[in-house]
Structure formats: C-alpha cells, structure tokens
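**Student:** Quick one: the structure is below, questions incoming.
In full-length UniProt numbering, the protein residues as written are 1 to 135.
Set out below in structure tokens:
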C-alpha cells in the first residue's frame with residue numbers, strides 16, 4: 001500500500017518574522033520561539049536543548065520545522081489565544097473544539113492559562129447541571 005504525499009499548506013497564523021515553524025497535520029504555522037516559550041514550559045525547555053552538530057533540521061525559509069502530532073485545528077485555537085490573548089471574551093458560549101483544544105494542548109504542553117480557562121468555561125457552562133445532580 002502506497003502512502004500519499006501530502007503537500008503542507010500555510011495555516012492561519014504565519015508571521016514573516018517568525019523564527020520557528022510548527023507542522024501540525026501538514027498545516028504550517030510560522031510563529032516565534034519567545035511566544036511559545038513564554039506560554040509553555042515544555043517549549044521553553046525544548047528550545048534550551050542544543051541541537052547536535054552536523055544535524056540539519058527540516059527548515060522553511062531558514063526556520064526549523066517542528067512536527068507536532070496534534071490537529072491543525074487545535075494548534076490554530078491555541079496559537080490564536082497565545083497571540084491575541086482574547087481567549088473566549090467575545091463569545092458567550094465558546095466552540096467546544098476550542099475548549100477541547102485548550103484542555104488537550106494546555107495539559108500536553110504545560111500551558112496552564114489555557115487549561116485553566118477551559119476548566120473555567122466548563123464549570124460555568126455545567127455548574128448548575130452538576131449541582132442539580134448532586135456533584
């Protein structure tokens with residue numbers, strides 16, 4: 001069985017002055033190491049590890065490409081939140097996909113602000129239901 005080659009495409013977040021490219025399900029996001037490091041201890045630690053000499057990483061326009069095994073949709077939600085800082089302020093009831101992405105990637109990459117926001121949204125959306133059921 002032959003595997004199909006997928007051509008990566010630019011994601012919704014692409015900064016020309018970015019210095020790292022995230023590849024999530026063949027969707028590319030060009031962002032800043034500093035923003036990722038500031039929001040995530042996992043990325044901060046990852047970027048502190050020196051790369052072995054002689055190993056040329058996959059690059060796009062001089063930026064290292066980091067392959068992530070998460071959905072592009074999850075990364076779009078998380079990166080929008082990291083850069084815009086709006087999170088859910090403009091939505092009465094945020095999309096479930098956004099809340100799920102905040103929980104999944106917030107836990108996986110140690111982004112406590114996103115994880116906490118997702119839990120706050122879930123508590124506010126379901127608190128009356130949980131109280132009525134005795135939880």
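Note that the Cβ used here is the ideal one computed from N, Cα and C, for glycine as well.
Could you tell me the boundaries of the beta strand (DSSP E) in which residue 23 lies?
**Tutor:** Position 23 of the chain shown, counting from 1, holds the residue named residue 23. Note, residue 23: beta strand (DSSP E), 20 to 24.
**Student:** Helix, strand or coil for residue 11, going by three-state DSSP, please let me know.
**Tutor:** Position 11 of the chain shown, counted from the start, is the residue given in the question as residue 11. DSSP places residue 11 in strand when its eight states are reduced to three.
**Student:** Ordered along the chain, which non-local residues of its own chain (more than five positions away) have a Cβ less than 8 Å from that of residue 115?
**Tutor:** If you number the chain shown from 1, residue 115 lands on position 115. Correct list, in chain order: 102, 103, 106, 107.
**Student:** Between the beta-carbon of residue 98 and the beta-carbon of residue 83, is there less than 9 Å?
**Tutor:** As a first step, residue 98 is located in the chain shown; it is residue number 98 there, counting from the start. As a first step, residue 83 is located in the chain shown; it is residue number 83 there, counting from the start. Not in contact: residue 98 and residue 83 (Cβ atoms no closer than 9 Å).
**Student:** Is the separation between the beta-carbon of residue 27 and that of residue 72 shorter than 9 Å?
**Tutor:** Walking along the chain shown from the start, residue 27 turns up at place 27. Walking along the chain shown from the start, residue 72 turns up at place 72. The answer is yes: Cβ separation under 9 Å.
**Student:** Can you name, in chain order, every residue of its own chain whose Cβ lies under 8 Å from the Cβ of residue 68, other than the five neighbours on each side?
**Tutor:** Position 68 of the chain shown holds residue 68. Around residue 68: 22, 23, 24, 75.
**Student:** Sort out for me which residues DSSP pairs residue 28 with in a bridge.
**Tutor:** On the chain shown, position 28 is the one that residue 28 refers to. In the DSSP output, where bridge partners are listed per residue, residue 28 has 10, 23.
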